[in-house]
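Novice:
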Amino acid sequence: MDAAIRFHGVGKSFKKKRVLDNISFSIPKGEVYGILGENGAGKSTMLKMMANLCLPDQGGIEVLGQKPSWELYQKIAYLSDRAKWYSDYTVEEALQYGKNFYPDFQMDRAEELVEFFKLDRRLLGKEMSKGQEARLQFLLCFSRDVELMLLDEPFSGIDLITREKMIELIIESIMERKLTLVITTHEIDEVEGLLNRVSFVKDTKIVVEGEVEELRLKSGSLKELYREVYA
Amino acid sequence: METRVVGSYRFILDFSQPIYEQLVQQFRQMLAKGEIELGSKLPSVRDFAVQMKINPSTVVRAYQELERDGLCEKRRGQGTFITSSADQVAGLRREMAENALESFVEVLKILGVTQEEAQKMIAGVEWK
Amino acid sequence: MSTFFKLVRHEMKFPAISTLFVTKLMSLITLVVFLGLTIGIVMGLENGLDNFQYFNQTFNGIMFVAFGMGMGFINKEFQKNTASWWLTLPYPRELLYRAKLLSIMMYYLYVYFYSYLIIKASIIVAITCTGKWSQFSLSNVFHNDVIFFLTSFLGAMLLGTYAICIMLFTKKFKAVSVLLWVPFGLLAGFMMPNLLMEMVMPAANGESISVPIHLLIGSPILTILLYAFGVHLLKKHTNL
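Protein chains in written order, with the numbering used here: chain D, -6 to 224; chain Z, 65 to 192; chain X, 3 to 242.
(1) Give a yes or no on contact between the region 116 to 123 of chain Z and the region 175 to 189 of chain D, applying the rule of three or more CB pairs nearer than 8 Å.
(2) What does the alpha-carbon distance come out to for the pair Val169/Z and Leu175/Z?
(3) On the DSSP bridge list, what partners appear for Ala154/Z?
(4) Cβ-heavy atom distance between Asp78/Z and the ligand FMN below 7 Å?
(5) Between Asp14/D and the rest of its own chain, which residues show a CB-CB distance below 8 Å, the 5 nearest in sequence each way excluded?
(6) In angstroms with no decimal places, state the Cα-to-Cα distance between Gly203/D and Leu133/D.
(7) Kindly identify the DSSP beta-bridge partner or partners of Asp225/D.
(8) Please return the same chain residues whose Cβ sits closer than 6 Å to the Cβ of Arg11/D, not counting the five positions on each side in sequence.
(9) Pick helix, strand or coil for His145/X, following the three-state DSSP scheme.
(10) Just by C-beta distance, which residues in the region 130 to 142 of chain X are closer than 7 Å to chain D?
(11) Around the C-beta of Trp135/X, are 16 or more other C-beta atoms found within 10 angstroms, so that it is buried, or is it exposed?
(12) Using a Cβ-Cβ distance under 8 Å, would Met168/D count as near chain Z?
(13) Do you know how far the Cα of Gln86/Z is from the Cα of Ser136/D?
(14) I'd like to know whether the C-beta atoms of Leu29/D and Phe193/D end up nearer to each other than 8 Å.
(15) Can you tell me whether Lys174/X is buried or exposed? The criterion is at least 16 other CB atoms within 10 Å of its CB, across all chains shown.
(16) Am I right that Leu156/Z and Leu130/Z are in contact with their C-beta atoms under 8 Å? What's the rounded C-beta distance?
(17) So, does the CB of Leu89/X fall closer than 8 Å to a CB anywhere in chain D?
(18) Looking at Leu208/D and Glu185/D, is the spacing between their C-beta atoms short of 8 Å?
(19) Using C-beta distances below 6 Å, list every residue in its chain close to Met100/D, excluding the 5 sequence neighbours before and after it, in chain order.
(20) Would you call Leu77/Z buried or exposed, if buried means 16 or more other Cβ atoms sit within 10 Å of its Cβ?
(21) Using three-state DSSP, classify Lys134/X as helix, strand or coil.
(22) Counting only C-beta atoms, is Asn146/X closer than 8 Å to chain D at any point?
(23) Would Lys8/X pass as an interface residue toward chain D - the criterion being a Cβ-Cβ separation below 8 Å?
(24) Looking at the strands, I want to know which residues DSSP matches up with Tyr73/Z.
(25) With Ile129/X and Phe138/X assumed to form a contact (beta carbons below 8 Å), what rounded beta-carbon distance in angstroms separates them?
(26) Would you tell me roughly how many angstroms separate the C-alpha atoms of Glu85/D and Glu126/D, rounded to the nearest one?
(27) Can you tell me where the alpha helix (DSSP H) holding Asp267/D begins and where it ends?
(28) Would you say Leu46/D reaches chain X, if we count a Cβ-Cβ gap shorter than 8 Å as a contact?
(29) Which value, in whole angstroms, describes the spacing of the CA atoms of Phe109/D and Leu88/D?
(30) Could you give the residue range of the alpha helix (DSSP H) that holds Arg139/Z?
(31) Tell me which same chain residues have a C-beta within less than 6 Å of the C-beta of Val127/X, skipping the five on either side of it?
(32) How should Leu72/D be labelled, buried or exposed, when 16 other C-beta atoms within 10 angstroms of its C-beta is the threshold for buried?
(33) Is Gly124/D closer than 8 Å to Thr83/D when the C-beta atoms are compared?
(34) Phe7/D CB to nearest chain X CB: under 8 Å?
(35) Cα-Cα, which of Asp50/D, Glu120/D, Leu46/D is closest to Lys8/D?
(36) Check Asn83/X in the structure and name its three-state DSSP category.
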């Protein structure tokens, strides 16, 4: 199996509080992978580790066959759950930012996405609603030609229309190119049909891992499984 | 259970069952019922996936399954088309009816219902 | 344009005076400071003020603005949650840190020389208003100004090191970061005795001073070395 991400016995603590304990799993290339779990279960930490923004205390991680390093940022896009766009940048300037700093930035695609998301080019970061800001940040990630995309809670607190557009964009992107997508979320409804593979994180460990269609045969919908795991 | 519409097709998705199987099953039913015109073009994988909000690979898998059963065919560069053979569809209809009948008979047998009783019961059922 | 300069330009953009409100506010502050100073100097001149060194020396205090500025620039990324964009740019972290530090220094120098210009303008206007050009010449106005250039480098140096320490420690010990004043106080004390005793004080008394050449050359070099060292430290230790 060609893995996009591998965790070998990864452990992490913050101020003596154990967040992750001896986690080993891998994410095959080309999958839409969901890391599910409740708030504070360590999902975000796992994603940050993949993005080389947080180092494990124990164990090791491989991303696209290499140890995490800045070079990986040429091949991955990471969207933090708390990420905000620069307040003094307009949409137009955000596109310039993309073009200036990401060698794989596809300007024509970005232009299309501005239309798709119905964003006003003169809108400043600080004038944006939460939905508009989410659209812009999604646009910047998806205008890049990356191999791996890491999305941390992309739908939380986002309006319905924006969520639907985001999902449409995700589906189109995985149609168009070979892309591995890792999404952390606690909102199953949005992604029930989208995920190929999932893991459930609970109390520092992965408690269930597998292919979604197989899990459906064994234990029903992801939502039911979620209730079972966290009840 | 959720109803999702793609073009002229309406699907009922139950996320507690494998999705690709449901797609295949519901396509077969629609075909057998004659709800799908012979030789018509199926939605593209992209449109299907976007409108159903499901992973494109699930759609591909369902289309492949239908193709293997000879219920549709892929034409290079044009997309996937429903078979234009009426025989094929008639065969499918017969097969599905036979399968249903078989399990129906199995259940009646377990209950100790005889063939004559069953025939009487069927005759008495309001068919509309 | 190289990536480094694009990065510096990006860094300079976001604290830049970009809104009308900030522009108005800056103009207002400039005006108030300018008028206040001018009135003060006019009053001083009417009461027998014979040199401008006191005004120049208060100016040395602006050096410490650098502390707040460095902290503000870096904390902004974290407070406004733009840090994940910043730190995942596809370039070596070292380049990102270098660009940020350079932009903070440039911003600091901008404020420093802006203040310098206001002070000098006030003095000139005050002399003109009181009609005392017979007593003073331009060389009186710019007397001992060489000290400004020295302190500006020292200030930038402090700023650089301070910013690094903030980046290293604030994420972990937020309350303790206030105590970083202590090492900087010591550093300044260590660097400055000569400056205070041999230059600042005599200059305040109106004496002519000469800045030794090794200090003039040494302070910018020291600044550059500290800058490089700080970036290296950051690269090794930051872990978001």
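Note that beta-carbon positions come from the ideal geometry of N, C-alpha and C, so glycine has one too. Quick caveat: nothing in here was measured; it's all calculated off a predicted structure.
Specialist: Put simply:
(1) yes
(2) 10 Å
(3) DSSP, once it has assigned bridges, lists no residue as partnering Ala154/Z.
(4) The ligand FMN is absent from the structure shown, which contains no ligand whatsoever.
(5) Gly4, Thr197, Lys198
(6) 31 Å
(7) Absent from the model: residue 225/D. The displayed extent of chain D is -6 to 224, so no value can be given.
(8) Thr197
(9) coil
(10) none
(11) exposed
(12) yes
(13) 34 Å
(14) yes
(15) In this prediction, Lys174/X scores a pLDDT of 47, lower than 50, which makes its location untrustworthy; the coordinate-derived value is nonetheless stated afterwards. When all chains shown are included, Lys174/X counts as exposed.
(16) Leu156/Z to Leu130/Z, Cβ: 10 Å. No contact.
(17) yes
(18) no
(19) Lys92
(20) buried
(21) coil
(22) no
(23) yes
(24) Val70/Z
(25) 6 Å
(26) 13 Å
(27) Residue 267/D is absent from the structure shown; chain D starts at -6 and stops at 224.
(28) yes
(29) 15 Å
(30) Premise fails: Arg139/Z lies in the beta strand (DSSP E), 136 to 139, not in any alpha helix (DSSP H).
(31) Thr40
(32) buried
(33) no
(34) no
(35) Asp50/D
(36) coil
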